[in-house]
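Just so you know, the sequences run in chain order A and B.
Sequential numbering from 68 applies to the first sequence in my numbering.
Sequential numbering from 208 applies to the second sequence in my numbering.
Structure record follows, encoded as structure tokens.
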Amino acid sequence: MLLSPYPTNAERIRVAALWFWCVLVLIFLVVPIFVPVPLSFNSGSFFTFPLAGVSTRWYEVVLGTPRWRAAIGNSLLIGSGTTILATVLGTLTAIGLSDPKFPGRRFVVPLLISPLIVPVVVTAVGTYLFYARIGLANTYGGIILAHTVLASPFVVVTVSASLAGFDRNLMRATSILGAKPLTGFLRVMLPLILPGVLSGAAFAFVTSFDEVVVVQFLANAQQRTLPLEMFTGLREQLSPAITAAATLMMGLSILLLIVANLLARRSRGKAGAESE
Amino acid sequence: MSSIAMPTPKTWISARDHSDSLRPLALAAPLLLLLLFSFGAPIVALLSRAVYEPTIANALPHTIAALRQDSGAGVPDETVFRAFATDLKDGQAAGTVYELAKNLNTRLPGVRSQVLRVTRLAAQDPAATKEAMIKAAPMLGEEKSWSAIRAGTNRFTSFFLLSAFDLRWTGQWTIGTVPADQAVFLRVFGRTFLIATLVTLATLALAFPLAYLMTNLRPAIASIVLVLVLLPFWTSILVRTAAWTVILQKYGILNDLMLWLGVTSDRIELMYSRTGLIIAMTHIQLPFTLLPIYSVMRSVQPSQLRAAQSLGGRPFTVFRRIYLPQVMPGVLAGCLLTFILCLGYYITPVLIGGASDQLISNFIANYVNAELNWEMAAALSFVLLASTLGLYITMTRYLGLDLFKMG
């Protein structure tokens, strides 16, 4: 499609140059994120190719030593708490927002999105200051609340997208047939928007699982998460265990996000086909 | 709708009809309340620290009362010194004097040890005279010290916000720049904006041609390319930064590659260098620039370009006069988004940037972590937040880019 039916030589050169440049850009985009993967299987203790030999010793370090295990446990705990809270609150909010009668949408939507815009250091430092005053700093609950703030916009956005394809008349039908609102929600609405909700939940989990700045300010020594352990490791002593941790984190994030996107695409259904 | 028979007042429809808009609002209320509590309140608490600073006022009640009696401007008389000594003695007993000394030190660099010395004097000798106190702490004999103390007795202060711009009050109504050796923040802001600009331009140069190619590929290939773009986008910033620290090492693969290609004849220090920082930031930001450009490019009608060409437009003219104006909103949106995100960058500069490449965010974190100077952290946060929100509002207002729809 790039070349016209009767291309001139100048045109051929231009298109070839475009392709060449774009292939370089794609290499630049994709190759770096996979560099740690082979290095994580290195049996030596350096970051250099060629590998000294293949071994899983760095995975044994990450999955076996108490320090890393505690970090993984904390990440899973905080991630699950955030996912549950952000998914419930975000889904409720998206349902409320989908109502045409929702008041003050112009002010509420920017407020909901603002945690994504405000520089994360400002959020983290402010939360630390405020939580320290009310006794929430250095608690799991505090970190979960702070992560919920960062994760809920993703839930609201994905569930809103799936609600765009939801026919509100179905809810009217349930109530005409005498169902209570909760019954109507659980038996008609939720099954239909479930892919969107699950996709939002996956986004929420990944947001918390990858977050390091807020945790850096709010966590004490017992609450260190996997990203925080990695961050400290990168600052202090560079060990190949970091490449193993990075590979694990990347694998889990990409897996969850592929699932989340497939679900989101499915849930958008008919409405998605029109708006895109 | 109200003509439909309503079984009981409790059903969904009747609730909607009677309470109108309250029901949807009630559904959103829990999250909105959480946002106000866990996001709004912290930011207000932080920003207020930039202008509300009661440490000095709380530590010097007697001095304030005495200063009120004292009408003059310069170094006050004996009674004020007496009151000052009383406050210092009380402060030492209550353990607040160190906080006071630290606080005064931010306003008068180097004053900390003098305050502690004069405190010891006041504790040992209750009858210490003005002369003796000035001997112990020469700064008490200077006019500028007392104007700083007078300024500090006001609980609300513009000192920290002015400091964020390397400014300070030089007299009652005049503002001047701080001495060159203390002026740091304008340089930090300048550096942050410079790096954000360089990264934005780099992402544009890489993203624009790729987005253009993607719109011209067969759908199956285009979606494969899209996955290749989204893959790094979905990987956390920390993991990507970790990957770059591995690549940029002196004996890392980038140096290996450049030696092998003959680009360089010696290994270069890429870690803790600005070049390395910009490469890594460009990699992380590229999808943020590319995706808005791509979504706008897809909406351009190819028939218009063909029409322009068949009317005799040369390729460059068609590009400049037909294509570029149509994709400009996407280009601006992508660039602004990247620029905004670069302003608040934290993780990558900490791990890859050198000591002289730290951006505003790193200074904010450092003021909190290392120096416990909340007021300065708050003032810098204020400026960073104002720049970010200002640009974001410009983006949504004038370009109509809606993050809510982009997700």
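In this text, a Cβ means the ideal position worked out from N, Cα and C, and glycines have one as well.
This one's a predicted model, so the numbers in the text were calculated from it and none came from an experiment.
Taking 8 Å as the cut-off, decide whether the C-beta atoms of A:F197 and B:P249 are in contact. As a working note, residue 197 of chain A is residue 130 in the first sequence. As a working note, residue 249 of chain B is residue 42 in the second sequence. Going by C-beta atoms, A:F197 is nearer than 8 Å to B:P249.
Return the CA-CA distance between A:V176 and A:P294, expressed in angstroms with no decimal places. As a position in the first sequence, residue 176 of chain A is number 109, starting the count at 1. As a position in the first sequence, residue 294 of chain A is number 227, starting the count at 1. If you take the alpha carbons of A:V176 and A:P294, they lie about 30 Å apart.
Locate the beta strand (DSSP E) running through B:T384, then write down its first and last residues. For the purposes of this step, residue 384 of chain B is identified with residue 177 of the second sequence, where counting begins at 1. First-last of the beta strand (DSSP E) with B:T384: 382-384.
Residues of chain A with CB under 9 Å from B:W581, in chain order? Working through the second sequence from its first residue, we reach residue 581 of chain B at position 374. Chain A residues near B:W581: V192, L196.
Does the Cβ of B:D564 have 16 or more other Cβ atoms within 10 Å, making it buried, or fewer, making it exposed? In the second sequence, residue 564 of chain B corresponds to position 357, counting from 1. Buried, because 16 or more other Cβ atoms sit within 10 Å of the Cβ of B:D564.
If I follow the unbroken alpha helix (DSSP H) through A:L265, where does it start and stop? Position 198 of the first sequence holds residue 265 of chain A. It spans 257-277 - the alpha helix (DSSP H) in which A:L265 sits, taken as one unbroken run.
With 8 Å as the threshold, decide whether the Cβ of B:F246 is near any Cβ in chain A. By one-based count along the second sequence, residue 246 of chain B stands at place 39. Chain A, which has a Cβ nearer than 8 Å to the Cβ of B:F246, makes this yes.
Straight-line CA distance for A:A137 to A:N205? If you number the first sequence from 1, residue 137 of chain A lands on position 70. If you number the first sequence from 1, residue 205 of chain A lands on position 138. Rounded to whole angstroms, A:A137 to A:N205 spans 16 Å at the Cα level.
Taking its Cβ as the centre, do 16 or more other Cβ atoms sit within 10 Å of B:P261, making it buried, or is it exposed? As a working note, residue 261 of chain B is residue 54 in the second sequence. So B:P261 ends up on the exposed side.
Give me, in chain order, the residues of the same chain whose beta-carbon lies closer than 8 Å to that of B:E285; leave out the 5 immediate sequence neighbours on both sides. For the purposes of this step, residue 285 of chain B is identified with residue 78 of the second sequence, where counting begins at 1. Closer than 8 Å at Cβ, skipping near neighbours: T336, K337.
Cutoff 7 Å; reference B:I475; Cβ partners in own chain excluding five residues on either side: Counting from 1 along the second sequence, the entry for residue 475 of chain B is found at position 268. Once the five neighbours on either side are set aside, the close Cβ partners of B:I475 are N462.
Rounded C-alpha distance that separates B:G519 from B:V432: Position 312 of the second sequence, counting from 1, holds the residue named residue 519 of chain B. Position 225 of the second sequence, counting from 1, holds the residue named residue 432 of chain B. For B:G519 and B:V432, the distance between alpha carbons rounds to 33 Å.
Going by DSSP in three states, B:Y599 sits in which element: helix, strand or coil? Numbered from 1 along the second sequence, position 392 holds the residue referred to as residue 599 of chain B. Helix, per DSSP.
Over the uninterrupted beta strand (DSSP E) stretch that includes B:R375, give me the two end residues. For the purposes of this step, residue 375 of chain B is taken as residue 168 along the second sequence, with counting starting at 1. Taken as a continuous stretch (DSSP letters only), the beta strand (DSSP E) holding B:R375 covers 374-376.
Residues of chain B with CB closer than 7 Å to the CB of A:W88, please, in chain order. Along the first sequence, one-based indexing puts residue 88 of chain A at 21. In chain order: P416.
Consult DSSP for A:Y42 and reduce its assignment to one of helix, strand or coil. Since the first residue of chain A shown is 68 and the last is 343, residue 42 of chain A is not available in this structure.
Check B:F363 in the structure and name its three-state DSSP category. Here residue 363 of chain B refers to the residue found at position 156 when the second sequence is read from its first residue. In this structure, B:F363 counts as strand in the three-state DSSP scheme.
Name the DSSP bridge partner or partners of B:Y259? Residue numbering aside, residue 259 of chain B sits at position 52 when the second sequence is read from its first letter. Paired residues: B:F363.
Exposed or buried, what is A:V279 when buried is set at 16 or more other beta-carbons lying within 10 Å of its beta-carbon? If you number the first sequence from 1, residue 279 of chain A lands on position 212. Per the 10 Å Cβ criterion, buried.
Which one of A:Y207, A:F116, A:V223 has the shortest CA to CA distance from B:L239? As a first step, residue 239 of chain B is located in the second sequence; it is residue number 32 there, counting from the start. Per the Cα distances, A:V223.
Using a Cβ cut-off of 8 Å (strictly closer), state whether A:G163 contacts chain B. Along the first sequence, read from residue 1 onward, the residue named residue 163 of chain A stands at position 96. Judged by the 8 Å Cβ criterion, A:G163 is in contact with chain B.
Rounded to the nearest angstrom, what separates B:Y305 and B:L579 at their Cα positions? Position 98 of the second sequence, counted from the first residue, corresponds to residue 305 of chain B. Position 372 of the second sequence, counted from the first residue, corresponds to residue 579 of chain B. Cα to Cα, the separation comes out at about 13 Å.
Does chain B have any CB closer than 8 Å to the CB of A:I100? On the first sequence, position 33 is the one that residue 100 of chain A refers to. At least one chain B Cβ lies under 8 Å of A:I100.
Could you give the first and the last residue of the continuous alpha helix (DSSP H) run that contains B:I500? Within the second sequence, the letter at position 293 stands for residue 500 of chain B. From DSSP, the alpha helix (DSSP H) with B:I500 extends over 481-504.
Taking only beta-carbon atoms, is A:D166 less than 8 Å away from chain B? As a position in the first sequence, residue 166 of chain A is number 99, starting the count at 1. Closer than 8 Å: yes.
Taking 8 Å as the CB-CB limit, is B:Y479 close to chain A? The residue labelled residue 479 of chain B in the question sits at position 272 within the second sequence. Chain A, which has no Cβ nearer than 8 Å to the Cβ of B:Y479, makes this no.
DSSP state of B:V507 mapped onto helix, strand, coil: Counted from its first residue, the second sequence places residue 507 of chain B at position 300. Three-state DSSP puts B:V507 in coil, outside helix and strand.
Taking CB distances under 8 Å as the criterion, tell me whether A:S110 reaches chain B. Within the first sequence, the letter at position 43 stands for residue 110 of chain A. Taking Cβ atoms only, chain B never reaches closer than 8 Å to A:S110, which makes this a no.
Buried or exposed: A:G209, going by 16 or more other Cβ atoms within 10 Å of its Cβ? For this step, residue 209 of chain A is matched to residue 142 along the first sequence. Counting Cβ neighbours within 10 Å, A:G209 comes out buried, since at least 16 surround it.
Are the beta-carbon atoms belonging to B:L254 and B:S588 less than 8 Å from one another? Translated into positions along the second sequence, residue 254 of chain B becomes position 47. Translated into positions along the second sequence, residue 588 of chain B becomes position 381. In this structure, B:S588 lies closer than 8 Å to B:L254 by Cβ.
Taking the Cβ atom as the reference point for each residue, do A:V145 and B:L438 lie within a distance shorter than 8 Å? Locating residue 145 of chain A in the first sequence gives position 78, counting from the first residue. Locating residue 438 of chain B in the second sequence gives position 231, counting from the first residue. Here residue 145 of chain A turns out to be Ile, not Val, going by the sequence shown. No. Outside cutoff.
Suppose you measure from the CA of B:S221 to the CA of A:T215; what does that come to, to the nearest Å? The residue you call residue 221 of chain B lines up with position 14 of the second sequence. The residue you call residue 215 of chain A lines up with position 148 of the first sequence. Residue placement at B:S221 is flagged as unreliable, the pLDDT there being 45, under the threshold of 50; the coordinate-derived value follows with that caveat. Between B:S221 and A:T215, the C-alpha separation is close to 33 Å.
Assuming A:L179 and A:T160 are in contact, meaning their beta carbons sit under 8 Å apart, how far apart are those beta carbons, in whole angstroms? Your numbering for residue 179 of chain A matches position 112 in the first sequence. Your numbering for residue 160 of chain A matches position 93 in the first sequence. Confirmed, about 7 Å.
Out of A:A77, A:P117, A:L301, A:V273, state which residue places its alpha-carbon closest to the alpha-carbon of A:S147. Numbered from its first residue, the first sequence carries residue 147 of chain A at position 80. The residue with the shortest Cα to Cα distance from A:S147 is A:V273.
Answer with yes or no whether the minimum CB distance from A:G157 to chain B is below 8 Å. The residue labelled residue 157 of chain A in the question sits at position 90 within the first sequence. A:G157 counts as touching chain B.
If you count every other CB in all the chains shown that lies within 10 Å of the CB of A:A340, and 16 or more means buried, which is it? The count along the first sequence starts at 1 and reaches residue 340 of chain A at position 273. At A:A340, the pLDDT of 41 sits below 50, so the modelled position is not reliable; the number obtained from the coordinates is stated separately. That one is exposed.
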